[in-house]
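Here the structure is laid out as structure tokens; the discussion comes afterwards.
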Amino acid sequence: MWHFITPVLVLGAFILSLLVSISLPIVKSIKLFHLSLQGEVGISVFKANATGQVDFGAWGYCLSDFAASASVGGKSDAVNSSDYCTQAKLGYTFDSRFDAALDSLPGVDLKSQDLENDVSAATKAAAVLHIIATVLIFIALLIALGKVFRRSTSHRGLNICSVVVDLLAALLASVVFLIDVIAVSVLRGKLNDHGVHTSYGNGVWMMLGAAIVMWLAAVGSCATCCAGRRRFNESTPKY
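Structure (structure tokens):
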């Protein structure tokens, strides 16, 4: 049974890991973490407020729903910024539009350079590890499919190779998930002090799903290996 279930599990883990690896801005619906920008001040007859959303992926970010307004003595003025995403690349460099959006937040004590340094440090290593984990899971998928097409569960070398690669892939996927969680938690601790709310993106939980599925696949590979060894021993003539 595990002989056929394991490839399906590894395929599921590969798809999840691949989607997280490319994530935003390539796949805009998948993000590693989310920033909610909101600031407001009110002094006598002067009032100002601004809001915006920033989603970060492995290769860039998207700014959306940004709006700023100010009123003096009952007269108000509002500015809205169009949504946009950066080009995909490793590391973050905030452009003038993001700088302007951040500087327009009243009551938020945060410079774009500080945010850029914190975000880049949190995502560069994660982006590289996501790719490595995805490649390793893909290798595990090729081995699992090879076992199916060979129609043999007693090939000792292939079974052992499958177990080793599945365990390594499951372990690395778990490490990548933990790094994602720790990076976002550290970033959230720093940014929340500056009036910026940070939350986990769906990509973090997708990586958790990939890790869990890979551990199940590793269990399946171990079960297949043990079953194949038992059949090999039974078929070996005893003197």
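Under my numbering, the residue at position 168 of the sequence shown is numbered 185, and the numbers go up by one with no gaps. Where is the CB? At the ideal position from N, CA and C, for every residue including glycine.
query = Looking at C-alpha atoms only, which residue of Leu36, Ser34, Val71, Leu35 is the closest neighbour of Ala217?
reply = Your numbering for residue 217 matches position 200 in the sequence shown. The sequence given here has Tyr at residue 217, not Ala. Nearest of Leu36, Ser34, Val71, Leu35 to Tyr217, Cα basis: Val71.
- Message: Between Ser38 and Leu49, how many whole angstroms is the CB-CB distance? I'm expecting something under 8 angstroms.
- Response: On the sequence shown, position 21 is the one that residue 38 refers to. On the sequence shown, position 32 is the one that residue 49 refers to. Not confirmed; about 11 angstroms, so no contact.
DSSP three-state assignment for Ser40, whether helix, strand or coil: Within the sequence shown, the letter at position 23 stands for residue 40. If DSSP states are grouped into helix, strand and coil, Ser40 belongs with the helices.
- prompt: Phe111 by DSSP, collapsed to three states: which one?
  reply: The residue you call residue 111 lines up with position 94 of the sequence shown. It is coil, neither helix nor strand.
### Query
In terms of DSSP beta bridges, what is His147 paired with?
Position 130 of the sequence shown, counted from the first residue, corresponds to residue 147. None; His147 has no bridge partner.
ask   = In whole angstroms, what is the alpha-carbon distance linking Ser252 and Leu35?
value = Residue 252 sits at position 235 when you count from the first residue of the sequence shown. Residue 35 sits at position 18 when you count from the first residue of the sequence shown. A caution first: Ser252 carries a pLDDT of 47, below 50, which makes its placement in the model unreliable, though a value can still be read off. Roughly 41 angstroms between the two C-alpha positions.
Pairs of beta-carbons, one from the segment 178-191 and one from the segment 231-244, closer than 8 angstroms: are there three or more?
yes
| query | Mind checking Gly206: buried by the 16 CB within 10 Å criterion, or exposed? | reply | Locating residue 206 in the sequence shown gives position 189, counting from the first residue. Classification for Gly206: exposed.
Review point. When you compare only the Cα positions, how much space is there between Ala87 and Leu208?
Key: On the sequence shown, position 70 is the one that residue 87 refers to. On the sequence shown, position 191 is the one that residue 208 refers to. For Ala87, the pLDDT reaches just 46, beneath the cut-off of 50, and the residue's location in the model is therefore unreliable, leaving the point undetermined.
inquiry  = For His214 and Cys243, I'd like the C-alpha separation in whole angstroms.
reply    = Taking the sequence shown and counting its residues from 1, the one referred to as residue 214 is at position 197. Taking the sequence shown and counting its residues from 1, the one referred to as residue 243 is at position 226. The straight-line gap from Cα to Cα measures roughly 50 angstroms.
Please classify Ser34: does DSSP put it in a helix, a strand, or coil? For the purposes of this step, residue 34 is taken as the residue at position 17 of the sequence shown. In this structure, Ser34 counts as helix in the three-state DSSP scheme.
Whole angstroms is fine: what's the gap from Trp222's alpha carbon to Val181's? Within the sequence shown, residue 222 is the residue found at index 205, counting from 1. Within the sequence shown, residue 181 is the residue found at index 164, counting from 1. Whole-angstrom Cα-Cα distance: 25 angstroms.
* **Sequence-distant residues of its chain with Cβ nearer than 6 angstroms to Ser81 (five each side left out)** => As a working mapping, residue 81 is identified with position 64 in the sequence shown. Answer for Ser81: Gln70, Asp100, listed in chain order.
Return yes when the Cβ of Val230 is within less than 8 angstroms of the Cβ of Ala30, no when it is not.
Start at 1 with the first residue of the sequence shown, and residue 30 comes out as number 13. Start at 1 with the first residue of the sequence shown, and residue 230 comes out as number 213. The answer is yes: Cβ separation under 8 angstroms.
Quick check: what's the CA-CA separation for Trp76 versus Val152?
In the sequence shown, the residue the question calls residue 76 occupies position 59. In the sequence shown, the residue the question calls residue 152 occupies position 135. So the two alpha carbons sit approximately 17 angstroms from each other.
**Message:** Whole angstroms are fine: how far does the CA of Leu204 sit from the CA of Gly74?
**Reply:** As a working mapping, residue 74 is identified with position 57 in the sequence shown. As a working mapping, residue 204 is identified with position 187 in the sequence shown. Taking the straight line from one Cα to the other gives about 14 angstroms.
request  = Name the one or two DSSP bridge partners that Leu52 has.
outcome  = If you number the sequence shown from 1, residue 52 lands on position 35. Paired residues: Val71, Thr215.
Can you tell which of Val44, Met224, Ala157 has the C-alpha that lies nearest to the C-alpha of Pro24? What you label residue 24 is simply residue 7 of the sequence shown in a count that begins at 1. For Pro24, the nearest C-alpha among the options comes from Ala157.
**Request:** Look at Ser179 and Ala150 and say whether their C-beta atoms are less than 8 angstroms apart.
**Result:** Along the sequence shown, one-based indexing puts residue 179 at 162. Along the sequence shown, one-based indexing puts residue 150 at 133. For Ser179 and Ala150, no; Cβs fall outside 8 angstroms.
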